[in-house]
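Residue numbers (the working numbering): 3 to 501.
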Amino acid sequence: MRQLLSLLIAGSLVSGCSQTSAQPQAEGTGHGGIAGGAPQAPKEPPRAADVALATGASRQSAGVVAAGAVDASYNYGPTVMVENGRTRIWWCSQYSSAPPPGDDILYAEGPSADGPFTGPGGGAPPAVLSGSPGNFDGMHTCDPSVLRVGGTYFMYYTGAAGDHALGNAIGMATSPDGIHWTRSNGGQPILGASHDVHRDNVYGAGQPSVVFLDGWYYLMFTDTTGRAAGWNGAGQFVVRAHDPAFREGVEALGEKGFEPTATTAAPRTRSVVDAFSVDLEWVGALDAFAIAHETADGTTITFWDRDFTMQPYQPVVLPGAWKEGPGLVRRPDGHAPTSVSDPCDLVSLDVVRATEIGPAGAPTGLQHFGLDVKGAGGCSTPSRTTATFDGVAMPSPDRMIDLYRRGERIRIDRRSVAAVLAGELVDRPLPQAPEVPVKTRLRSGATVVHAYGRGYGMVLDGQLYGLPDTTIVDLNGSGVQEIDPRQWDAAARGLPLGG
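Below is the structure:
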């Protein structure tokens, strides 16, 4: 054991150990047990609040961009992901061919947010998640929010066994491809109604939206029983955890900021927007969360800083028809896509939303709306530059890939590995990227280590870097070395490579 410990800390573990197939870690920390916070940056002047943003390039699709097959009686509540040159969308509908009767989640993909969206291979969008009779989501699965962290896709959704009656709750499923899903947490909900206050609106808890940032999963959701909800049950609450299933280490946003809580059903004491059916994303170039919610004029985007303590920008509005909440066009980790033409100063805000009430009396007519924010100032300070390029990977001068993660630059031999670990992989070097030294290199064949109860990681230049799952084992031609948890705990820590 002593010999292995010295090799681990020296960073000289070798390849050639037995390989394993990639397996999602949906029930674990999702980080190889290493979470960590953002690096300490030089002290900068306090941020200004309520800054007006310049906008332009307003756009709208020519018509409906996505819909189920002919028997789909409605189409709404989308989540939209830009990934590897394609746009993927999941939304709420209902197929008579997908038992049991009730809401189903459909999937489609297309070249852009303007579509056209079809099922894989060009056919009708399939139902990828339906009710599970006898469980909390026995009749309805709706309102999906999808992330990819590492090689694992996470879907958070509203489930119900029947009519509302405060029975709505939030479930989670995982997938290796975003199409074939397995329920997590033993098929039980990860969050339900708090029952702080019972109002006329008996919806309960649901309509989740999840973002992965700095090792945290941020979950925003509706709870009509929340203490800080409005008279009609409107309001949005936030919890976060390093565990994607929110079973441990949960913090709830309250009047004093994020505070530890023993359960996701803790009292909801603070709402961040008075609305139903919203979507959340992190905008690196603005160093702010963006919340998309419907108002009289269209989709309003409101902004909060990283800790939800102040609103750095005035809201912006994407005008046009709407009938149900929007889905922001996001990259796999829930961040706004990076502008390759002007990453520091241009931010594209795009949504897909239902625009009409169909024959079934429910929202349908999914269309795309968007605009650009100009002069974002994403490279105006060192900390803003770090936020702008966090999670972005791009080709390096020596035909490898540079991943920017929390102010560090990590060189990766294989493009396929970088594509899994990055929030976004762009096709060409961005000249505005910070000129920070290469911190370490992830070489082909580098050994992955595993410690029971801790997770997976890689030892690079004497530091242990956490992995979100084992997807890169095969992609990188790596082996897996089992180590004692004490060795894991004693090793010098690097950043989580997957966020």
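Don't be surprised by glycine CBs; every beta carbon is placed ideally from N, CA and C.
Model, not experiment: these values are computed from the prediction.
Can you tell me the Cα-Cα spacing of residue 160 and residue 464, whole angstroms?
-> Counted from its first residue, the sequence shown places residue 160 at position 158. Counted from its first residue, the sequence shown places residue 464 at position 462. One C-alpha to the other measures close to 44 Å.
Closer than 7 Å by C-beta to residue 484: which residues in its own chain qualify, once you throw out the five before and the five after it? Chain order, please.
-> Reading the sequence shown from its first residue, position 482 is the one you call residue 484. 452, listed in sequence order.
Between residue 40 and residue 284, what straight-line distance do the alpha-carbon atoms span, to the nearest angstrom?
-> Within the sequence shown, the letter at position 38 stands for residue 40. Within the sequence shown, the letter at position 282 stands for residue 284. Its pLDDT being 45, under 50, residue 40 is placed unreliably in this model, and the value from its coordinates should be taken loosely. Using only the alpha carbons, I get a separation of about 15 Å.
Would you mind working out which of 340, 67, 82 sits nearest residue 393, comparing C-alpha positions?
-> Within the sequence shown, numbered from 1, the residue matching residue 393 stands at position 391. Looking at the Cα atoms, 340 is the closest of the given residues.
Report back the beta-carbon spacing between residue 275 and residue 295 to the nearest angstrom; my notes put them in contact at under 8 Å.
-> By 1-based counting over the sequence shown, the position of residue 275 is 273. By 1-based counting over the sequence shown, the position of residue 295 is 293. About 6 Å; that satisfies the 8 Å criterion.
In whole angstroms, what separates the C-alpha of residue 369 from that of residue 74?
-> In the sequence shown, the residue the question calls residue 369 occupies position 367. In the sequence shown, the residue the question calls residue 74 occupies position 72. Between residue 369 and residue 74, the C-alpha separation is close to 16 Å.
Helix, strand or coil: how does DSSP classify residue 491 here?
-> In the sequence shown, the residue the question calls residue 491 occupies position 489. Here residue 491 sits in helix by DSSP.
Residue 236 versus residue 458: straight-line alpha-carbon distance, rounded = Translated into positions along the sequence shown, residue 236 becomes position 234. Translated into positions along the sequence shown, residue 458 becomes position 456. Using only the alpha carbons, I get a separation of about 41 Å.
Where do the ends of the beta strand (DSSP E) carrying residue 225 lie?
-> Here residue 225 refers to the residue found at position 223 of the sequence shown. Note, residue 225: beta strand (DSSP E), 218 to 225.
Got a sec, what are the start and stop residues for the alpha helix (DSSP H) residue 477 sits in?
-> Locating residue 477 in the sequence shown gives position 475, where the first residue counts as 1. Per DSSP, residue 477 belongs to the alpha helix (DSSP H) from 473 to 477.
Do the CB positions of residue 286 and residue 391 come within less than 9 Å of each other?
-> Mapped onto the sequence shown, residue 286 falls at position 284. Mapped onto the sequence shown, residue 391 falls at position 389. Closer than 9 Å, so yes.
Is it a yes or a no for the stretch 345 to 356 touching the stretch 96 to 106, going by three-plus beta-carbon pairs under 8 Å?
-> no
Per-residue burial, residue 491 [other beta carbons within 10 Å of its own, 16 or more giving buried] = In the sequence shown, the residue the question calls residue 491 occupies position 489. Exposed is the call here.
Quick one: using the 10 Å Cβ neighbour count with 16 as the cut-off for buried, is residue 292 buried or exposed?
-> On the sequence shown, residue 292 is found 290 positions in, with the first residue counted as 1. Buried, by the Cβ-count rule.
Residue 230: buried (16+ other C-beta within 10 angstroms of its C-beta) or exposed?
-> In the sequence shown, the residue the question calls residue 230 occupies position 228. Its Cβ being crowded by 16 or more others within 10 Å, residue 230 is buried.
Cα-Cα separation, residue 29 to residue 174 = Here residue 29 is taken as the residue at index 27 of the sequence shown, counted from 1. Here residue 174 is taken as the residue at index 172 of the sequence shown, counted from 1. Residue placement at residue 29 cannot be trusted, given a pLDDT of 39 that sits under 50; what the coordinates show is reported in the next sentence. The straight-line gap from Cα to Cα measures roughly 11 Å.
Report the rounded CA-to-CA distance for residue 349 versus residue 396, giving the unit in angstroms.
-> The sequence position of residue 349 within the sequence shown is 347, counting from 1. The sequence position of residue 396 within the sequence shown is 394, counting from 1. Their backbone Cα atoms lie some 18 Å apart in a straight line.
C-beta contact flag for residue 403 and residue 499 at 9 Å | What you label residue 403 is simply residue 401 of the sequence shown in a count that begins at 1. What you label residue 499 is simply residue 497 of the sequence shown in a count that begins at 1. Going by C-beta atoms, residue 403 is not nearer than 9 Å to residue 499.
From residue 347 to residue 301, what does the alpha carbon distance come to, in whole angstroms?
-> For the purposes of this step, residue 347 is taken as the residue at position 345 of the sequence shown. For the purposes of this step, residue 301 is taken as the residue at position 299 of the sequence shown. The straight-line gap from Cα to Cα measures roughly 22 Å.
Is there a Cβ from chain D that is less than 9 Å from the Cβ of residue 80?
-> Included in the structure is just one protein chain, with no chain D present.
Could you tell me which uninterrupted beta strand (DSSP E) segments, each at least 3 residues in length, are contained entirely in the stretch 72 to 130, listed from first to last along the chain?
-> 78 to 85, 88 to 95, 106 to 112
Secondary structure of residue 390, DSSP reduced to three states | Your numbering for residue 390 matches position 388 in the sequence shown. The answer is helix: DSSP assigns residue 390 an H, G or I state.
Backbone secondary structure at residue 1 - three-state DSSP | Not covered by the structure: residue 1. The range shown for the chain is 3 to 501.
Would you decide whether residue 254 is buried or exposed? Buried here means 16 or more other CB atoms lie within 10 Å of its CB.
-> Taking the first residue of the sequence shown as 1, we reach residue 254 at position 252. Buried, since its Cβ has 16 or more Cβ neighbours within 10 Å.
Beta-carbon contacts of residue 323 that lie in its chain and below 6 Å, excluding the five residues immediately before and after | Position 321 of the sequence shown, counted from the start, is the residue given in the question as residue 323. Same-chain partners within the cutoff: 357.
Cα-Cα, which of 280, 303, 309, 45 is closest to residue 257?
-> As a working note, residue 257 is residue 255 in the sequence shown. Of the listed residues, the one whose Cα sits closest to residue 257 is 309.
Answer with buried or exposed for residue 315, where buried requires no fewer than 16 other C-beta atoms within 10 angstroms of its C-beta.
-> Taking the sequence shown and counting its residues from 1, one reaches residue 315 at position 313. Result: buried.
With respect to the beta strand (DSSP E) encompassing residue 382, which residues constitute its N-terminal and C-terminal limits?
-> As a working mapping, residue 382 is identified with position 380 in the sequence shown. No beta strand (DSSP E) holds residue 382; DSSP gives it neither H nor E.
If you drop the 5 nearest sequence neighbours on each side, which residues of the same chain put their C-beta closer than 6 Å to that of residue 389?
-> The sequence position of residue 389 within the sequence shown is 387, counting from 1. So the list reads 286, 289, once near-sequence residues are dropped.
Span of the alpha helix (DSSP H), counted from its first residue to its last, around residue 420 | Residue numbering aside, residue 420 sits at position 418 when the sequence shown is read from its first letter. 417 to 423 is the extent of the alpha helix (DSSP H) around residue 420.
With respect to the beta strand (DSSP E) encompassing residue 312, which residues constitute its N-terminal and C-terminal limits?
-> The residue you call residue 312 lines up with position 310 of the sequence shown. Unbroken run through residue 312: none, as it is neither H nor E.
Helix, strand or coil: how does DSSP classify residue 483 here?
-> Here residue 483 is taken as the residue at index 481 of the sequence shown, counted from 1. Residue 483 falls in the strand class under three-state DSSP.
So, is residue 306 buried or exposed, given that buried needs 16 or more other C-beta atoms within 10 angstroms?
-> Counting from 1 along the sequence shown, the entry for residue 306 is found at position 304. By the neighbour-count rule (16 or more Cβ atoms within 10 Å), residue 306 is buried.
Go ahead and label residue 488 buried or exposed: buried means 16 or more other beta carbons lie within 10 angstroms of its beta carbon, across all protein chains shown.
-> The residue you call residue 488 lines up with position 486 of the sequence shown. By the neighbour-count rule (16 or more Cβ atoms within 10 Å), residue 488 is not buried but exposed.
First and last residue of the uninterrupted beta strand (DSSP E) at residue 284 | Here residue 284 is taken as the residue at index 282 of the sequence shown, counted from 1. Residue 284 -> beta strand (DSSP E) spans 281 to 285.
Using DSSP bridges, identify the partner residues of residue 427.
-> As a position in the sequence shown, residue 427 is number 425, starting the count at 1. Residue 427 pairs with 395.
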